[in-house]
Amino acid sequence: QVQLVESGGGLVQPGGSLRLSCAASGITFRFYSMAWYRQALGKQRELVASIASDGTTNYTASVKGRFTISRANAKNTVYLQMSSLEPEDTAVYSCNAIHRTLYAYNYWGQGTQVTVSS
C-alpha cells in the first residue's frame with residue numbers, strides 16, 4: 003500500500019519560514035520524481051516545485067529564490083523549505099510521486115494547510 007504523508011504545515015506570519023516534509027512508503031522512492039503542488043481556495047491546483055530521481059529541480063516562477071525542494075532517498079522523504087512567505091502562498095500543499103518512466107504509477111498525499119497571515 004502506497005502512502006505519502008505530509009507534515010509541517012501551519013500558520014506563519016508574512017516573511018516567515020516553514021519546512022514541509024512528505025514521507026513515502028510502499029514505493030521504491032529513488033525511482034520516483036517527487037513534486038509539491040498547492041491549491042488555494044477557489045483556484046486551480048498548481049505545481050510549485052519538482053525534483054527528479056536524478057536530483058534535477060524545477061520551480062514555478064512565483065517561488066523561485068524563496069522555496070527549495072530537496073529529497074533524502076535514504077529516508078524516503080521529500081522536503082519543501084519555504085522562506086519569505088507571502089499571503090499569496092496560503093494554500094493546501096500536496097505531495098506527488100510519479101515513477102520516472104512508468105507514469106501510471108502516480109500517487110498523492112492528503113495535503114497540509116499552509117496559512118500566511120498576520
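Its first residue numbered 3, the sequence shown is counted upward by one per residue in my numbering. For every residue, glycine included, the Cβ atom is placed at its ideal position computed from N, Cα and C. If you're wondering where the values come from, they're calculated on a predicted model, not measured in any experiment.
Under DSSP, S96 forms a beta bridge with Y39. If the five residues before and after R32 are omitted, its C-beta is found closer than 8 Å to the C-beta atoms of S55, N75, all from its own chain and listed in chain order. Annotation: S72 to A37 spans about 10 Å, alpha carbon to alpha carbon. Using a C-beta cut-off of 8 Å, the region 38 to 55 makes contact with the region 90 to 108, since at least three inter-stretch Cβ pairs fall below that distance.
For Y81, the uninterrupted beta strand (DSSP E) run begins and ends at 79 to 84, by DSSP.
The continuous beta strand (DSSP E) containing I71 extends over residues 69 to 74. With respect to the C-alpha of S35, the residue from Q46, R68, N78, A93 having the closest C-alpha is N78.
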